[in-house]
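Line by line, the protein sequences give chains A and B. 3 is the number of the first residue of the first sequence in the working numbering; add one for each residue after it. 3 is the number of the first residue of the second sequence in the working numbering; add one for each residue after it. Here a beta-carbon is modelled for each residue, glycine too, at the ideal position from N, C-alpha and C. Working notes, beginning with the structure itself.
2 protein chains.
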Amino acid sequence: MQLVIEKSKEKTLLPKIMKAAIKLFNKKGITGTTTKEIAEKAGVAEGALYRHFKGKDELAWYIFTENLNKFSINLQNCVEHKKTAKDKIKVLVSTSLASYEKDKELFTYLLISEHRELNKFPENYMHPGHVVLKIIEEGQKTGELKKMNLYVAGSILMGSLIRFCAIRMYGTVNDDLCNYEDEIFTGIWRAIKND
Amino acid sequence: MQLVIEKSKEKTLLPKIMKAAIKLFNKKGITGTTTKEIAEKAGVAEGALYRHFKGKDELAWYIFTENLNKFSINLQNCVEHKKTAKDKIKVLVSTSLASYEKDKELFTYLLISEHRELNKFPENYMHPGHVVLKIIEEGQKTGELKKMNLYVAGSILMGSLIRFCAIRMYGTVNDDLCNYEDEIFTGIWRAIKND
DNA sequence: TATATGAGTGAATAATCACTCACATATAAA
DNA sequence: TTTATATGTGAGTGATTATTCACTCATATA
Chain A
3 MQLVIEKSKE KTLLPKIMKA AIKLFNKKGI TGTTTKEIAE KAGVAEGALY RHFKGKDELA
63 WYIFTENLNK FSINLQNCVE HKKTAKDKIK VLVSTSLASY EKDKELFTYL LISEHRELNK
123 FPENYMHPGH VVLKIIEEGQ KTGELKKMNL YVAGSILMGS LIRFCAIRMY GTVNDDLCNY
183 EDEIFTGIWR AIKND
Chain B
3 MQLVIEKSKE KTLLPKIMKA AIKLFNKKGI TGTTTKEIAE KAGVAEGALY RHFKGKDELA
63 WYIFTENLNK FSINLQNCVE HKKTAKDKIK VLVSTSLASY EKDKELFTYL LISEHRELNK
123 FPENYMHPGH VVLKIIEEGQ KTGELKKMNL YVAGSILMGS LIRFCAIRMY GTVNDDLCNY
183 EDEIFTGIWR AIKND
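Set out below in structure tokens:
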């Protein structure tokens with residue numbers, strides 16, 4: 003895994019373009035959004051987009067990969083400071099939920115783009131799945147976690163989290179996800195701990 | 003001049019059109035797929051599509067809602083025959099995994115369309131979430147399941163299942179999902195049972 | 001001061017797209 | 001047989017689209 007070269011230089015219109023694009027992509031889908039709309043919403047000329055990206059698809063791809071990588075690196079940092087699998091998973095849950103609440107538009111985009119962009123995800127970029135699998139692998143070795151198929155355990159951990167974000171996205175749950183972090187953690191922990 | 007075309011078992015071209023559309027939608031997204039492509043893949047004229055649907059979006063919507071409803075009704079039927087929450091969940095898990103394996107293209111489409119179509123999902127149609135919530139509600143009442151937030155429990159149950167289908171979709175897991183039904187069930191059950 | 005460069009503009013363009021329609025054919029009803 | 005209805009065809013159309021490009025502007029460097 004490697005850190006990413008930061009493309010934005012603060013002075014440019016790039017952040018404006020990305021914010022506008024994320025909102026529109028969430029609402030209308032990527033191919034359903036026109037470059038004209040992005041430019042309008044960003045208060046920018048259409049051509050500005052092409053100073054930073056080859057085209058619309060590269061913009062969509064960039065937003066996804068950069069932010070998922072950034073989020074995963076952050077996750078990894080939070081997790082590394084903890085010693086036990088229990089604490090690692092606890093902080094993974096709380097960080098994930100808090101991240102969603104902190105930037106709903108961005109994380110909504112990451113959720114709905116997963117299936118579209120994941121097959122082109124760069125090998126040297128970091129993905130939350132990497133963090134999760136590592137925790138589980140190590141936890142099973144130390145005996146903290148029950149021996150079971152890695153992907154089954156990983157699916158329970160990641161799947162529960164993602165689904166809870168999704169039902170918040172749909173409006174089924176309407177209050178801050180952080181209110182539920184203990185309950186979600188407890189459920190996940192009961193599923194995969196060793197006893 | 004007109005070629006003699008082999009007659010299919012079905013009376014209309016609708017099944018051909020839907021099958022072709024599902025495959026293309028999975029590969030390129032809905033707005034990324036053209037009506038011309040659908041017609042070509044189905045071996046049909048472009049106009050045939052408009053004999054059955056108002057347009058491309060209605061076709062996409064129809065495939066999603068009809069099949070998700072059908073699947074949910076089937077789930078509900080399987081579940082109703084069981085008495086305990088444990089057996090209900092067990093059969094829900096196995097039926098879901100088997101359904102995915104039976105028609106991967108269709109269920110892949112249902113998975114990736116969820117975020118796009120769910121907000122327009124008809125109220126009188128059935129959704130897997132309905133089945134899941136009912137099981138959990140009843141199970142908590144009888145004391146079989148641990149008292150916890152319904153949506154937390156629902157997310158663990160549905161999220162684990164969906165994520166496992168997703169990693170099969172991505173090719174991370176490559177063998178029949180039914181091989182894992184016991185392990186997945188056990189994990190989910192440990193998370194939500196009362197003890 | 002002169003010059004080089006990166007960033008932004010928006011009208012113009014070439015390509016693509018969803019959808020239409022006049023006509024053909026098959027099936028069922030009258 | 002005649003009539004009606006549903007289904008299928010595919011070239012044609014108007015609208016939309018992503019992308020380009022010649023030009024401007026601001027800033028930094030020599």
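- When you check each C-beta in the stretch 83-102 of chain B against every C-beta of chain A, which residues fall closer than 9 Å? The stretch 83-102 of chain B vs chain A, Cβ under 9 Å: nothing.
- Going by C-alpha distance, which of 104/B, 175/B, 81/B, 150/B is nearest residue 132/B? What you label residue 132/B is simply residue 130 of the second sequence in a count that begins at 1. Looking at the Cα atoms, 81/B is the closest of the given residues.
- Item | Buried or exposed (CB count within 10 angstroms, at least 16 for buried), residue 130/A | Translated into the one-based positions of the first sequence, residue 130/A becomes position 128. The residue in question, residue 130/A, is buried, as its Cβ has 16 or more Cβ neighbours within 10 Å.
- Task: Indicate the three-state DSSP secondary structure (helix, strand or coil) for residue 38/A in the structure shown.
- Result: For the purposes of this step, residue 38/A is identified with residue 36 of the first sequence, where counting begins at 1. Here DSSP, grouped into helix, strand and coil, assigns residue 38/A to helix.
- Message: Going residue by residue through the stretch 74-126 of chain B, where are the continuous alpha helix (DSSP H) segments of at least 4 residues, counting only ones entirely within it?
- Response: You should have 87-104, 106-119.
- Query: With distances taken between CB atoms, is the gap from residue 266/A to residue 67/A smaller than 8 Å?
  - Reply: What is shown of chain A runs 3 to 197, which leaves residue 266/A out entirely.
- Message: Checking 8 Å against the spacing of the C-beta atoms, do residue 189/A and residue 50/B come in under that value?
- Response: On the first sequence, position 187 is the one that residue 189/A refers to. On the second sequence, position 48 is the one that residue 50/B refers to. No, the Cβ-Cβ distance between residue 189/A and residue 50/B is not below 8 Å.
- Item | Beta carbon of residue 137/B nearer than 8 Å to that of residue 94/B | On the second sequence, position 135 is the one that residue 137/B refers to. On the second sequence, position 92 is the one that residue 94/B refers to. Yes; because the gap between Cβ atoms is below 8 Å, this pair is in contact.
- Query: residue 179/B: buried (16+ other C-beta within 10 angstroms of its C-beta) or exposed?
  - Reply: Sequence index remark: in the second sequence, residue 179/B carries index 177 (1-based). When all chains shown are included, residue 179/B counts as buried.
- Rounded C-alpha distance that separates residue 14/A from residue 144/A: Position 12 of the first sequence, counting from 1, holds the residue named residue 14/A. Position 142 of the first sequence, counting from 1, holds the residue named residue 144/A. Between residue 14/A and residue 144/A, the C-alpha separation is close to 49 Å.
- Test: residue 111/A CB closer than 8 Å to a CB of chain B: For the purposes of this step, residue 111/A is identified with residue 109 of the first sequence, where counting begins at 1. For residue 111/A, not one C-beta of chain B is nearer than 8 Å to its own C-beta.
- Message: Less than 8 Å between the beta carbons of residue 157/B and residue 53/A, yes or no?
- Response: To locate residue 157/B, count along the second sequence from 1; it is residue 155. To locate residue 53/A, count along the first sequence from 1; it is residue 51. In this structure, residue 53/A does not lie closer than 8 Å to residue 157/B by Cβ.
- Message: Using a Cβ-Cβ distance cut-off of 8 Å, determine whether residue 53/B contacts chain A.
- Response: One-based indexing of the second sequence puts residue 53/B at position 51. Judged by the 8 Å Cβ criterion, residue 53/B is not in contact with chain A.
- Task: Identify, in the order they occur along the chain, each residue of the same chain with its Cβ nearer than 8 Å to the Cβ of residue 76/A, setting aside the five sequence neighbours on each side.
- Result: Against the first sequence, residue 76/A aligns to sequence position 74. 97, 101.
- Message: In this structure, how does DSSP classify residue 195/A when only helix, strand and coil are distinguished?
- Response: Sequence index remark: in the first sequence, residue 195/A carries index 193 (1-based). Strand.
- Task: Can you give me the start and stop residues for the alpha helix (DSSP H) that residue 198/A sits inside?
- Result: Given a span of 3 to 197 for chain A in the structure shown, any question on residue 198/A remains unanswerable.
- Message: Rounded to whole angstroms, what is the Cα-Cα separation between residue 58/B and residue 173/A?
- Response: Taking the first residue of the second sequence as 1, we reach residue 58/B at position 56. Taking the first residue of the first sequence as 1, we reach residue 173/A at position 171. Near 27 Å, if we compare the C-alpha coordinates of residue 173/A and residue 58/B.
- Item | Close Cβ partners of residue 55/A (< 8 Å) along its chain, the five nearest in sequence each way excluded | Taking the first sequence and counting its residues from 1, the one referred to as residue 55/A is at position 53. The residues are 61, 64.
- Task: Would you give the residue range spanned by the alpha helix (DSSP H) that residue 176/A belongs to?
- Result: One-based indexing of the first sequence puts residue 176/A at position 174. Note, residue 176/A: premise wrong, no alpha helix (DSSP H); not H, not E.
- Item | Closer than 8 Å to chain A by CB, residue 49/B | Counting from 1 along the second sequence, the entry for residue 49/B is found at position 47. It does not; no Cβ of chain A falls within 8 Å.
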